[in-house]
Amino acid sequence: MNTNITIAGVTFKNPVTTASGTFGSGMEYSDFVDLSRLGAVTTKGVSNVPWPGNPTPRIAETYGGMLNAIGLQNPGMDVFIQRDIPFLRKYDTKIIVNVVGKTITDYCEVVERLSDCDVDMLEINISCPNVKEGGIAFGQDPKCVEDITGELKKRAKQPIIMKLSPNVTDIAEMARAAQAAGADAISLINTITGMKIDIHRRSFALANKTGGLSGPAIRPIAVRMVYQAAQAVKLPIIGMGGISCAEDALEFIMAGASMVAVGTANFINPAATVQVIDGIEAYMRQYGVDDIKDLIGCVK
Amino acid sequence: MNTNITIAGVTFKNPVTTASGTFGSGMEYSDFVDLSRLGAVTTKGVSNVPWPGNPTPRIAETYGGMLNAIGLQNPGMDVFIQRDIPFLRKYDTKIIVNVVGKTITDYCEVVERLSDCDVDMLEINISCPNVKEGGIAFGQDPKCVEDITGELKKRAKQPIIMKLSPNVTDIAEMARAAQAAGADAISLINTITGMKIDIHRRSFALANKTGGLSGPAIRPIAVRMVYQAAQAVKLPIIGMGGISCAEDALEFIMAGASMVAVGTANFINPAATVQVIDGIEAYMRQYGVDDIKDLIGCVK
Amino acid sequence: MPFALKKKAIIVENTSLSEDIYSIWLEEREIALSAKPGQFLSLFCNDASRLLPRPISICEIDKAKGRIRLVFRLAGQGTKEFARLKPADTIEVMGPLGNGFLPEGKKALLIGGGIGIPPLLELAKQLDCEKQIVLGYRDKTFLNEEFLPYGAVYVSTEDGSSGTRGNVIDAIREHKLEAEIIYACGPTPMLRGIKAYAKEQGMSAQLSLEERMACGVGACLACVCKSRDTDHHTNVKNKRICKDGPVFYADTIEL
Amino acid sequence: MPFALKKKAIIVENTSLSEDIYSIWLEEREIALSAKPGQFLSLFCNDASRLLPRPISICEIDKAKGRIRLVFRLAGQGTKEFARLKPADTIEVMGPLGNGFLPEGKKALLIGGGIGIPPLLELAKQLDCEKQIVLGYRDKTFLNEEFLPYGAVYVSTEDGSSGTRGNVIDAIREHKLEAEIIYACGPTPMLRGIKAYAKEQGMSAQLSLEERMACGVGACLACVCKSRDTDHHTNVKNKRICKDGPVFYADTIEL
Ligand SMILES: Cc1cc2nc3c(=O)[nH]c(=O)nc-3n(C[C@H](O)[C@H](O)[C@H](O)COP(=O)(O)OP(=O)(O)OC[C@H]3O[C@@H](n4cnc5c(N)ncnc54)[C@H](O)[C@@H]3O)c2cc1C
Ligand SMILES: Cc1cc2nc3c(=O)[nH]c(=O)nc-3n(C[C@H](O)[C@H](O)[C@H](O)COP(=O)(O)OP(=O)(O)OC[C@H]3O[C@@H](n4cnc5c(N)ncnc54)[C@H](O)[C@@H]3O)c2cc1C
Ligand SMILES: Cc1cc2nc3c(=O)[nH]c(=O)nc-3n(C[C@H](O)[C@H](O)[C@H](O)COP(=O)(O)O)c2cc1C
Ligand SMILES: Cc1cc2nc3c(=O)[nH]c(=O)nc-3n(C[C@H](O)[C@H](O)[C@H](O)COP(=O)(O)O)c2cc1C
Ligand code: FES
Ligand code: FES
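Just so you know, the protein sequences line up as chains A, B, C and D, in that order. Per our numbering: the first sequence = residues 1 to 300. Per our numbering: the second sequence = residues 301 to 600. Per our numbering: the third sequence = residues 601 to 855. Per our numbering: the fourth sequence = residues 856 to 1110.
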């Protein structure tokens, strides 16, 4: 039984990674999860300089999901490179680094710096709804997607994954723009912009007013977008959005994802990633599927 | 204590109506709900000729929500006008008729016909994701929203509500387009396009492949869009998307909705509409709010 | 029933009839008093992530005690949850919903397939005429012995482990069963076969259909089946299984 | 604790201390054996619509029986659900999480406000030094008698119904309480007052903070507070309450 997956020349032992921002740099969950079981660890977004993030409250619970407006707090690339990459390299897993910025120049700076680091792939977050500049704005216009993808492709030594925003009319258009500019893969979906109001205090539940919705609630939207993107482009897709168990992950794979990421579910069940891996294998055994590749996009 | 709300000259005894398509023509729920308690009944979408809708399965359950691809099955305007309007008029409630079509001409035909009927408002569904032509396509382009709104405004004798699609990058843009073309109000959100895959059968859960996601899962997205629309236009807003109880309804009102609609919750609890009305009143008593209008858009 | 809403029913008994078939008796007097064979209940999950009701047919009615019996097969998470219910637990239900079987008082064939068998039990009890009961299974049988008091019972199994090897039609042909009317519930392919058989034999047939449901009361149009004629309510060739059915005369619907 | 995951704890006892305050004893040996005062547990809801854990401080630890006591106030749906738990029910928990109070062995003032009082009880039991305990309430008192064995207990109430009328600082001034160190837990305004008071008096103070949490283990950065210095982990002036706290020295954080 083969669960290996190769994307842009990088081979993952299984198709399961973590969704950026929900697993820290891996370190925080290493007491709970054997990181060497994972196909890859995708790290929290990293920027050229340290970012303090948004004021609190940064999260709110919603029906079957949560809103977050962390605001991409991160220690900046220097600390990240010096501390987190060596930590992750101790494990038998691939490293995908999520990259954030406020301007194209910011993104370029991080990507150039990471080019000489020992990481396997870069995931470019052009879809964070929680920062005022950059982030999502890049991901909502095909021209911007193309521009930033093109600029980063020139600089990156590792393959790059463009992480798309679900807050768009036509996800296929964004996927095509990423492909046209040479992206090696796309990942989707980032969170969907949402809002919660505290009716007793008559105020926003989040200091940032809006936040990104994640968790099981958004899964049907994510599966649909993965399917639409898979129909539109030939690029490998990393699918995510509300995956908590193997059944959920298999929906994404059958819709066309080559890999999947577990996000919010880590908070609710730190063993989620490993259970997803075990469950996919159990499914393959149950139905006599020899190669995970036979399941990718099998529902048309 | 006043719960009256006046929108475009029509006064509703309270700000609660039913979401189109989730309450039939009112008749189906009249055994469960005293229709005279409701601010208004909003009927299932009606077209110029009878529509048979989509093949089954038409629905699927999702985490905290459901997908539907009914495909706007409806008996056509002749039967509707002859049977359903007189039925609803027996109750002390306003009638909002939801209108669907495949072409602008279709919509015009229905609106013209309804102009001489005894109904209070028309809600124009330009956002149904489950029909191949028309529907959502009109609601995803501001130019289309403007065109169709303008055409219908010329013909309608009743005030018209444009029902917007959440499957867009920028809801404010659509709201502004509706306002520019003379809409009397807007309602949002319609369902969000989603997909579910049956991993055991390796097929789509819905015959139509995609369906519209509704229910509590989508509420944070709906509240955010209502807020964004309220910031962008002066039009009264009918808010909906995952409302099951008074707390939910109040979130929409505080975000800027003048009225709210209860949809999927009717299926789960046929008393939901009445409980929302009672609960809003209880909240107003608890906090000494004399007029519901004081709550509209009170969170900024 | 004006303003009849969801009710909390109390679980009186929950037993398993086989590895994946459960039998529940629940108490809800009003429902029991008005229930008819062939009608169903909408059962709601306690797990709030699952919103939609699960339609389950009424298997038996005990008006004296105000109780209803339901027999169901583990299909997914909802039925799994129901299987874990213990006596004194409560469950939210709506019903009775739909139109049941229409007793015609003619010599009858009751045909059930798999998890379509339970609704025939109450019908068998109430039908006041000559009855032959044909029950089709894949392999293991259940509930068949409970039919014995009400008529001659014939069993078919796909693997031949009991009764006729084959399907219910095979059993009918083998035993040369004759009747004026068929009452049937089971998987669509079986119902399709029965419809054809009834036509061939010039019998009338009442078939109980199944489809995914949301409202269960005729409002959402989720649960339609194709009908021969334009339906008076929908004004298209669609009937609502929850409201107009689940039992239909075979010749009025397309399968 | 390598690969320590969520655990199912068994409810041993659930009593209400007042209209909206509940006290639960739960059994989970491993947790009880490693727990320290000031740490907390993440409690998960059984209702699947509510995903995030509820952080609740450890109120008492019974290592012999392998049990933990939690005392909580009804705040929303989650705590309402916990209040309904009955003996033998189970609940999913993670913990013990965070760093507790750091016993310093100096003459101590333990200050609790409202629902910040419970975590001080185990601390009072374990602190091996002279202790004065100041408990502030809005009106009704709870848990105060349970502190009596461990030191002198002073109460303040906002409405003056027991003890000093006013807040905890008022009670401290009224009784002229002196100490070298403060251990405190309660609402932010109270902690802010204590921080200022400690500075004024030249005392050190350990404060237990609160913020909305998602992961509870330091990964998501939901629960930060502002810190005086750049934090070694975050490399910005933010500390994670769940992982670096919930207890901090007053002079290291901004309130
Ligand atoms: C009128 C009617 C009577 C029925 N009577 C019985 C009965 O007496 N005993 C019995 O075991 N089963 C009966 N069924 C089928 C039963 O409704 C499903 O097996 C059950 O809903 C599955 O729920 P689940 O959560 O376990 O499965 P899941 O697959 O997790 O359910 C997901 C969703 O799909 C719906 N669904 C899944 N399978 C079916 C189905 N076959 N028909 C309708 N909806 C479905 C569920 O209601 C739910 O909304 C009946 C169905 C209908 C329409
Ligand atoms: C470290 C720590 C220790 C705590 N110890 C106790 C204790 O011992 N006793 C006690 O009664 N309360 C304690 N709290 C507060 C307790 O966590 C909240 O009252 C509880 O989470 C409310 O949940 P709910 O579902 O009832 O309310 P809801 O408002 O419905 O909760 C919605 C969401 O907001 C979060 N939330 C709501 N209020 C708070 C809050 N004050 N702090 C953090 N998250 C919140 C919930 O966890 C949940 O994710 C503590 C909080 C923290 C951070
Ligand atoms: C607390 C939190 C922080 C996140 N931070 C990032 C981030 O730094 N970069 C990024 O690309 N996505 C970030 N995301 C988005 C997730 O990676 C993922 O795309 C999204 O949550 C949907 O998956 P889920 O429903 O499984 O969580 C974050 C999500 C959450 C909940
Ligand atoms: C079964 C079903 C049928 C619907 N039919 C219509 C329709 O005919 N016209 C329309 O404008 N919206 C229709 N909708 C959308 C609802 O009116 C509403 O906008 C949406 O469901 C969100 O609200 P909710 O989450 O409260 O259900 C339908 C929704 C459902 C679930
Ligand atoms: S389930 Fe809604 S019409 Fe039948
Ligand atoms: S709750 Fe996630 S870092 Fe504290």
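Glycine is no exception: its CB is placed at the ideal position from the N, C-alpha and C atoms.
Taking 9 Å as the Cβ-Cβ cut-off, the stretch 777-790 of chain C has no residue approaching chain D. For D/Gln1061, the enclosing beta strand (DSSP E) covers residues Ser1059 to Ser1063. For the stretch 482-509 of chain B, the continuous beta strand (DSSP E) assignments of 3+ residues that do not extend past its boundaries occur at 485-488 and 492-495, in sequence order. With contacts defined as CB atoms closer than 7 Å, D/Glu882 and D/Arg922 qualify as a contacting pair. Taking C-beta atoms as the reference points, A/Thr149 and A/Asn98 fail to come closer than 7 Å. Under the three-pair Cβ rule at 8 Å, the stretch 938-952 of chain D does not count as touching the stretch 999-1013 of chain D. If you check the C-beta of D/Thr934 against ligand 2, you find a heavy atom less than 6 Å away. Not flagged as an interface residue toward chain B: A/Val79, since no C-beta distance is shorter than 7 Å. For B/Asn467, the C-beta contacts it makes with chain A under 7 Å involve Thr169, in order along the chain. Using a 10 angstroms sphere on the CB of B/Asn304, the tally of other CB atoms stays under 16, which defines it as exposed. Within the stretch 834-855 of chain C, the residues whose Cβ lies closer than 7 Å to some Cβ of chain B are Thr834, Asn835, Val836, Lys837 and Asn838, listed in chain order.
A direct Cα-Cα distance of roughly 26 Å separates A/Ile104 from A/Gly241. A/Ile160 and A/Cys108 have their alpha carbons spaced roughly 12 Å apart.
Your pair C/Ala752 and C/Ala805 does not check out as a contact, with CB atoms roughly 19 Å apart and the cut at 8 Å. What you get when you keep residues with a C-beta closer than 7 Å to any heavy atom of ligand 5 is C/Met813, C/Ala814, C/Cys815, C/Gly816, C/Val817, C/Gly818, C/Ala819, C/Cys820, C/Leu821, C/Ala822, C/Cys823, C/Arg840, C/Ile841, C/Cys842 and C/Lys843. Using a Cβ distance threshold of 7 Å, B/Gly345 and B/Asn467 do not count as a contacting pair. For C/Met813 and B/Glu361, the gap between their C-alpha atoms comes out near 10 Å. Runs of the alpha helix (DSSP H) lying entirely within the stretch 607-640 of chain C and spanning at least 4 residues, in chain order: 629-634.
Judged by beta-carbon spacing, A/Lys196 lies within the 7 Å limit of B/Pro520, meaning their Cβ atoms are closer than that value. For C/Lys707, same chain residues with a beta-carbon under 7 Å away, outside a window of 5 residues either side, are Cys729, Glu730, Ala779 and Glu780 in chain order. Measuring C-alpha to C-alpha distances from C/Ser618 to each of C/Gly638, C/Ser657 and C/Ile715 identifies C/Ile715 as the nearest.
If you ignore the 5 residues before and after C/Phe747, its C-beta comes within less than 6 Å of the C-beta of Ala724, Ile733 and Val753, all in its own chain and listed in chain order. For D/Asn1093, the uninterrupted beta strand (DSSP E) segment begins and ends at Asn1093 to Arg1095.
Within chain B, the residues placing a beta-carbon under 7 Å from that of C/Arg650 are Glu361, ordered along the chain. Our two residues, C/His833 and A/Asp294, have alpha carbons roughly 46 Å apart in a direct line. The Cβ atoms of C/Leu641 and C/Gly695 sit closer than 7 Å to each other.
A/Asp84 counts as buried, since at least 16 other C-beta atoms from the protein chains shown sit within 10 angstroms of its C-beta.
B/Pro375 has a beta carbon lying within less than 7 Å of a beta carbon in chain C. Flagged as an interface residue toward chain B: A/Thr210, by a C-beta distance shorter than 7 Å.
Taking a beta-carbon distance threshold of 7 Å, A/Gln275 does not count as an interface residue toward chain B. The alpha-carbon separation between D/Arg928 and A/Leu88 amounts to approximately 41 Å. Annotation for D/Lys918: Ala887 and Leu888 place their beta carbon closer than 7 Å to its own, counting only its chain and skipping 5 residues before and after. At least one heavy atom of ligand 2 lies closer than 6 Å to the C-beta of D/Gly931.
In chain order, Gly53, Ile70 and Gln73 make up the part of chain A whose C-beta sits under 7 Å from the C-beta of D/Leu1076. A/Gly279 and A/Thr6 have their alpha carbons spaced roughly 20 Å apart.
Looking from the CA of C/Leu809, the closest CA among C/Cys659, C/Ile841, C/Ala822 and C/Asp770 belongs to C/Ile841.
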